[in-house]
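Trainee: I am attaching a structure below and will ask some questions about it afterwards.
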Amino acid sequence: QSPGFEKRLAQYEKDWRKSSISNLIDYEYALVLFDRGRYSEAADRFAGVERKYLDESTWQELAFKTGYAFFNRGLYSEARPPFYEVEALPMSDYKAPARYALGYMSYCEKDFPTAQKWFELSGTDPRFAELSSFYLVDCHFMQKDYDYTIAKGTEIFNNEPGVRQAHLARIISESYLVKGDKQKAKEYYSATSKENMGRSDYFYAGSVLYAVDDFKGAISNYTQMTDRTDSIGQTANYQLANAYLKTGNNVAAMRAFKDASEASWNGVMQEDALFNYAKLAFDLNKDTAPFGRYIETYNTSRRGDEIYSYMALASLYNRDYAGAVEAYDKIDELDAGQQSNYIKAYYLRGEQLISSGSYTDAIPCLRAAAYYLPKQDPLGQLARYWQAEANYRSENYSEAARLFADLYNVSALEGMTEGELLSYNTAYSHMKAQEYKQAIRWFDIYLSEGDAACRKDAIVRRGDCYFASKDYAGAIPAYRAAIKEIPVKEDIYPYSQLALSYGLTGDKNAKADVLAYVLHADPSTPMYAEGLYELGRANMDISDNTKALEAFTLLRDSATDRETRAKALIGIGMVCRNTHDYQAALAAYKEVVELLPGTEVAEDALFAIESIYQTIGEPDKYLEYIESNNLAAGKSDSDKELLYFNAAEQVYLSGNYAQAASSLQKYLDTYPYGAHRTNAIFYLAECYNALGGKEKACDYYEQVIAASDAGSFAETSMLQLAELSYSLERYLKAYSAYKDLRDKAVMEPNRRAALFGMMRSAYRARSWEDAAAASDAVAALSGLSVDEKRECSYVKAKSLMATSRRDEALGIFQTLSAQPATDEGAEARYILIQDAFDRADYNAVQQLVFDFSDKSGGQNYWLARAYITLADTFIQLGKKDQAKATLESIRDGYTPERPDDDIQDLVQSRLYKL
17 QSPGFEKRLA
27 QYEKDWRKSS
37 ISNLIDYEYA
47 LVLFDRGRYS
57 EAADRFAGVE
67 RKYLDESTWQ
77 ELAFKTGYAF
87 FNRGLYSEAR
97 PPFYEVEALP
107 MSDYKAPARY
117 ALGYMSYCEK
127 DFPTAQKWFE
137 LSGTDPRFAE
147 LSSFYLVDCH
157 FMQKDYDYTI
167 AKGTEIFNNE
177 PGVRQAHLAR
187 IISESYLVKG
197 DKQKAKEYYS
207 ATSKENMGRS
217 DYFYAGSVLY
227 AVDDFKGAIS
237 NYTQMTDRTD
247 SIGQTANYQL
257 ANAYLKTGNN
267 VAAMRAFKDA
277 SEASWNGVMQ
287 EDALFNYAKL
297 AFDLNKDTAP
307 FGRYIETYNT
317 SRRGDEIYSY
327 MALASLYNRD
337 YAGAVEAYDK
347 IDELDAGQQS
357 NYIKAYYLRG
367 EQLISSGSYT
377 DAIPCLRAAA
387 YYLPKQDPLG
397 QLARYWQAEA
407 NYRSENYSEA
417 ARLFADLYNV
427 SALEGMTEGE
437 LLSYNTAYSH
447 MKAQEYKQAI
457 RWFDIYLSEG
467 DAACRKDAIV
477 RRGDCYFASK
487 DYAGAIPAYR
497 AAIKEIPVKE
507 DIYPYSQLAL
517 SYGLTGDKNA
527 KADVLAYVLH
537 ADPSTPMYAE
547 GLYELGRANM
557 DISDNTKALE
567 AFTLLRDSAT
577 DRETRAKALI
587 GIGMVCRNTH
597 DYQAALAAYK
607 EVVELLPGTE
617 VAEDALFAIE
627 SIYQTIGEPD
637 KYLEYIESNN
647 LAAGKSDSDK
657 ELLYFNAAEQ
667 VYLSGNYAQA
677 ASSLQKYLDT
687 YPYGAHRTNA
697 IFYLAECYNA
707 LGGKEKACDY
717 YEQVIAASDA
727 GSFAETSMLQ
737 LAELSYSLER
747 YLKAYSAYKD
757 LRDKAVMEPN
767 RRAALFGMMR
777 SAYRARSWED
787 AAAASDAVAA
797 LSGLSVDEKR
807 ECSYVKAKSL
817 MATSRRDEAL
827 GIFQTLSAQP
837 ATDEGAEARY
847 ILIQDAFDRA
857 DYNAVQQLVF
867 DFSDKSGGQN
877 YWLARAYITL
887 ADTFIQLGKK
897 DQAKATLESI
907 RDGYTPERPD
917 DDIQDLVQSR
927 LYKL
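Here it is in structure tokens:
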């Protein structure tokens with residue numbers, strides 16, 4: 017290695033090319049290159065050396081250094097054969113480093129069993145014992161031999177230098193974590209390096225801290241992972257979600273569960289993440305779509321009933337009985353706890369529907385509520401009672417009678433007004449079903465019990481049953497019993513019916529005698545006019561024209577409407593004709609024509625006038641009367657139909673809707689295909705609407721809409737159908753009707769009302785996308801009031817929240833909250849307070865609640881809800897005394913503002929837990 021030797025060597029090899037010492041020269045020069053770290057050149061020289069020409073004592077050095085020249089450059093395939101050659105040669109100082117190198121290469125290639133074999137061999141040499149022990153621990157760890165890792169790793173841990181010690185700390189920590197010793201895992205984790213951490217380091221740090229319940233530390237590390245879309249990312253998201261839950265940040269937990277549910281690396285984790293995401297989306301946003309997605313993906317075999325039960329219970333807790341019923345409907349088999357809540361949900365939903373007049377829809381709810389309850393159960397009896405009542409209101413009279421009778425037979429509702437009237441209701445239902453014998457029997461039962469509440473009506477209806485079944489002889493004593501207890505000044509009806517019964521049995525004098533009682537009644541008594549008219553007719557039947565004329569005259573003079581006066585005049589005309597006072601008769605009939613021109617009554621009067629003029633031999637005066645008054649007697653079928661319809665229409669226009677409904681129905685029965693059929697159906701719908709028969713009104717409005725000749729009635733009917741459907745809580749039907757109105761309305765106010773109706777109906781129907789779209793359409797209208805704009809924003813925000821577009825919704829709620837004294841603004845304030853709580857921002861909760869308290873402007877309900885959230889905040893902060901004081905203050909100072917007010921229930925449930 018003298019200076020310049022390489023030049024001389026090069027010249028020598030150039031001159032002599034190959035000589036007897038060339039092999040030795042290559043070997044010696046390769047050693048020099050190796051020592052100088054010129055491994056590539058050394059490898060080339062070693063390749064030219066033929067071992068057979070060297071002394072055996074050099075073979076091991078040659079093989080090792082040849083292998084190392086490749087090993088050092090990462091050429092493991094080329095390095096192995098020389099190292100294997102060392103292993104095959106006798107023991108020497110080169111054997112241990114060759115074994116170590118073979119172990120290290122297998123370690124780098126993740127062939128840990130092979131690496132472990134070589135490190136075990138190299139570890140027997142003191143020179144490589146420490147390094148081999150380190151790598152052996154790692155090899156065992158990579159083969160999941162956690163016991164060895166812990167035992168050997170802790171043994172050598174303190175003697176290892178910094179980098180190796182940090183790595184040992186990591187794998188020992190992980191081993192302890194796998195073995196369930198969380199504290200030891202955390203102890204060794206603290207010794208790991210925190211510098212230059214990568215995503216896998218953050219993942220491990222988060223996992224260790226999560227395992228030892230350091231959830232804030234876990235969150236800090238998991239959130240620093242730059243990407244969480246692979247397999248460890250899915251695990252990180254899942255555990256991050258649970259860590260957020262543990263720290264009270266439910267909003268962040270929901271989002272992390274959603275991220276975990278969108279990765280498919282771990283199917284079990286993915287399913288559980290979707291379930292938890294769905295649960296939180298439902299709790300925080302009232303969004304049911306994720307639950308639907310879960311069930312669609314995984315069907316209902318494992319968690320379907322659990323989901324529906326949870327949704328139902330939450331809806332019941334929030335007094336959303338329609339939502340609770342919808343959820344319970346999807347559960348195949350109910351357990352005991354579910355049955356109890358199922359009953360409550362269906363009963364309370366039935367009550368809601370009855371209060372809105374939606375009797376048909378209430379029936380299945382009340383039937384379901386009663387299903388699991390024995391007949392002796394008080395709530396079961398109430399459910400069956402209202403089921404019977406709903407059937408009655410829906411005109412299912414026989415079913416109503418059966419239900420009422422069943423309740424009576426078990427002495428249901430004892431001590432309650434409803435219980436006292438069961439036999440009466442049974443009787444009445446049978447009567448409406450035209451089951452008169454059964455009705456009479458039940459009226460007898462009721463009357464025998466001595467209850468006074470409906471006694472008078474029961475006595476009268478008993479007579480009606482005989483009368484309706486044409487047993488007039490039986491009706492007479494029944495009505496006589498009634499008039500003994502009911503003065504004529506109180507009710508003329510039983511007297512009128514008794515008189516009719518006498519008349520139908522041929523006893524005309526008795527009929528007139530009974531009707532004479534009407535003369536002692538007041539004109540304000542119901543049926544006074546009808547009674548006087550029938551008295552006049554009865555006296556005519558017994559040829560007592562004087563008394564007949566007195567009755568008709570009294571009726572004429574006391575009449576308060578044209579129709580009644582016309583009836584009286586017709587009676588006077590008939591009496592005067594009977595007594596041959598034709599001029600007085602003509603005067604009476606002509607006044608009828610003037611009072612009700614163009615009606616069927618006027619038509620009859622004209623016939624009478626014509627007959628009188630013919631009788632007195634002056635038929636020309638009839639023609640003169642007709643011409644001078646521009647009159648014409650309609651005698652065709654179409655004219656008669658028109659007269660019939662006009663008469664019914666006049667009753668409708670007078671506001672007597674009950675009588676109008678009867679008259680219009682008779683018109684439709686008489687002329688089922690009449691020219692005025694659609695008008696009559698519209699009037700009939702209006703009558704039932706005015707009388708509170710919403711369901712019937714809807715049926716008739718739909719017929720008008722479907723009619724080809726509805727004209728302007730169609731638009732009005734669409735509006736009325738939509739509004740009634742909304743009031744009946746048939747929100748999908750209402751939305752559809754409002755949508756039709758929007759598309760077909762000619763009048764701008766109706767189109768405007770349709771847009772508002774679509775928004776409100778879709779919102780109530782939980783059709784969130786439609787509600788949001790409709791709110792946008794309403795917002796685009798000109799001339800909106802401040803209140804209308806606020807309502808529109810409120811519906812949009814609630815709809816966005818319910819579709820988990822939470823950030824957008826909260827932005828709108830933030831704007832609404834600027835007016836905390838309004839209903840929408842107050843609820844918006846509460847939602848923002850609850851959002852802060854759900855994000856575990858407890859300082860913000862306290863600040864927002866106190867600010868709301870100063871500005872609530874009488875919005876006591878939402879302020880109370882806000883203070884309940886404040887109490888929940890104190891509980892989370894461990895300030896139970898403050899929480900209790902806050903809740904007790906609400907309990908003692910809050911006055912419920914509405915029937916379904918839940919404040920006291922919310923307070924009591926928390927106080928009970930405290």
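So the sequence shown is numbered by the working numbering: it starts at 17 and just counts up by one. Backbone N, C-alpha and C define an ideal beta-carbon position, used for all residues, glycine too. It should be emphasised that the depicted structure is a prediction, and the values quoted were computed from it without experimental measurement.
Per DSSP, which one or two residues make a beta bridge with ASN265?
Mentor: ARG855
Trainee: What's the gap between the Cα of GLN76 and the Cα of SER247?
Mentor: Taking the straight line joining both Cα atoms gives about 48 Å.
Trainee: Nearest-angstrom Cα distance between VAL267 and ASN237?
Mentor: 19 Å
Trainee: Where does ASN315 land, buried or exposed, given buried means 16+ other C-beta within 10 angstroms?
Mentor: When all chains shown are included, ASN315 counts as exposed.
Trainee: Any idea what DSSP makes of MET158, helix, strand or coil?
Mentor: helix
Trainee: Sorted by chain position, which residues of the same chain lie with C-beta nearer than 7 Å to ALA761's C-beta, five sequence neighbours on each side aside?
Mentor: Correct list, in chain order: GLU731, ARG767 and ALA770.
Trainee: Are the region 346 to 353 and the region 318 to 326 touching, with three or more C-beta to C-beta distances below 8 Å?
Mentor: yes
Trainee: I'd like to know whether the C-beta of GLY119 is nearer than 9 Å to at least one C-beta of chain D.
Mentor: The structure shown contains no chain D; it holds only a single protein chain.
Trainee: Among the residues of its own chain, which have a CB less than 7 Å from the CB of ALA114, if the five just before and after it don't count?
Mentor: PHE80, GLY83, PHE99, VAL102 and GLU103
Trainee: Measure the Cβ-Cβ separation of ALA701 and TYR716 and say whether it is below 9 Å.
Mentor: Yes. Within cutoff.
Trainee: Spatial neighbours of LEU515 within its chain, please: C-beta separation below 6 Å, excluding the five flanking residues on both sides.
Mentor: First, the amino acid is wrong: residue 515 is Ala here, not Leu. So the list reads LYS527, VAL530 and LEU531, once near-sequence residues are dropped.
Trainee: Classify GLY119 as helix, strand or coil using the three-state DSSP reduction.
Mentor: helix
Trainee: What number of angstroms, rounded off, separates the C-alpha of GLN599 from the C-alpha of LYS448?
Mentor: 48 Å
Trainee: The alpha helix (DSSP H) spanning VAL228 covers which residue range?
Mentor: Per DSSP, VAL228 belongs to no alpha helix (DSSP H) and is neither H nor E.
Trainee: Do you know offhand how far ASP217's Cα is from ASP127's?
Mentor: 23 Å
Trainee: Just to confirm before moving on: does the CB-CB distance between ALA753 and TYR699 stay below 9 Å?
Mentor: Result no, Cβ atoms of ALA753 and TYR699 do not sit closer than 9 Å.
Trainee: For the putative contact between VAL865 and TYR883, defined by C-beta atoms under 8 Å, what is the C-beta separation to the nearest angstrom?
Mentor: 6 Å
Trainee: Let me know the secondary structure DSSP gives GLY320 once reduced to three states.
Mentor: helix
Trainee: Is TYR55 near PHE86, with beta carbons less than 9 Å apart?
Mentor: Between TYR55 and PHE86, the CB-CB gap stays under 9 Å.
Trainee: Taking the alpha carbon of TYR966 as the reference point, which residue from TYR440, SER410, GLY909 and ARG457 has its own alpha carbon closest?
Mentor: For residue 966 there is no data in the structure shown, the boundaries of the chain being 17 and 930.
Trainee: Is the beta carbon of SER439 less than 9 Å from the beta carbon of TYR413?
Mentor: no
Trainee: From LEU91 to LYS23, what does the alpha carbon distance come to, in whole angstroms?
Mentor: 30 Å
Trainee: Out of ARG845, LEU225, SER743 and THR140, state which residue places its alpha-carbon closest to the alpha-carbon of GLY708.
Mentor: SER743
Trainee: Would you kindly work out how many angstroms separate the C-alpha atoms of GLU190 and ALA167, rounded to a whole number?
Mentor: 13 Å
Trainee: Helix or strand or just coil, what does DSSP make of VAL426?
Mentor: coil
Trainee: If you follow the alpha helix (DSSP H) that LEU514 is in, where does it begin and where does it stop?
Mentor: DSSP places LEU514 in the uninterrupted alpha helix (DSSP H) bounded by 509 to 520.
Trainee: Can you find the residues in the same chain that come closer than 8 Å, C-beta to C-beta, to LEU930, ignoring five residues on each side of it along the sequence?
Mentor: ILE891, LYS896, ALA899, LYS900 and LEU903
Trainee: Which whole-angstrom value describes the C-beta separation of ILE370 and TYR388, a residue pair presumed to lie in contact below a C-beta threshold of 8 Å?
Mentor: Under the criterion of beta carbons closer than 8 Å, ILE370 and TYR388 do not qualify as touching, at roughly 20 Å.
Trainee: Select from GLY53, ILE187, SER815 and ASP916 the residue whose C-alpha is nearest the C-alpha of TYR779.
Mentor: SER815
Trainee: What's the call for THR615, buried or exposed, on a 16-neighbour Cβ count within 10 Å?
Mentor: buried
Trainee: Give me the Cα-Cα distance between ILE332 and GLU312, rounded to the nearest whole angstrom.
Mentor: Reading the sequence as shown, one finds Leu at residue 332 and not Ile. Those two C-alpha atoms are separated by around 24 Å.
Trainee: At the level of alpha carbons, what is the spacing between PHE420 and LEU463?
Mentor: 16 Å
Trainee: Using a Cβ-Cβ cutoff of less than 6 Å, which residues in the same chain neighbour MET121 once the five nearest sequence positions on both sides are dropped?
Mentor: TYR92
Trainee: Considering only the alpha carbon of each residue, which of VAL591, PHE853, GLU94 and MET327 lies closest to SER559?
Mentor: Per the Cα distances, VAL591.
Trainee: Mark PHE623 as exposed unless 16 or more other C-beta atoms lie within 10 angstroms of its C-beta, in which case mark it buried.
Mentor: exposed
Trainee: Have a look at SER280, LYS274 and ASP759 and flag the residue whose alpha-carbon is nearest the alpha-carbon of LEU298.
Mentor: One detail in the question is off: residue 298 reads as Phe in this sequence, not Leu. Residue LYS274 is the option with its Cα nearest to PHE298.
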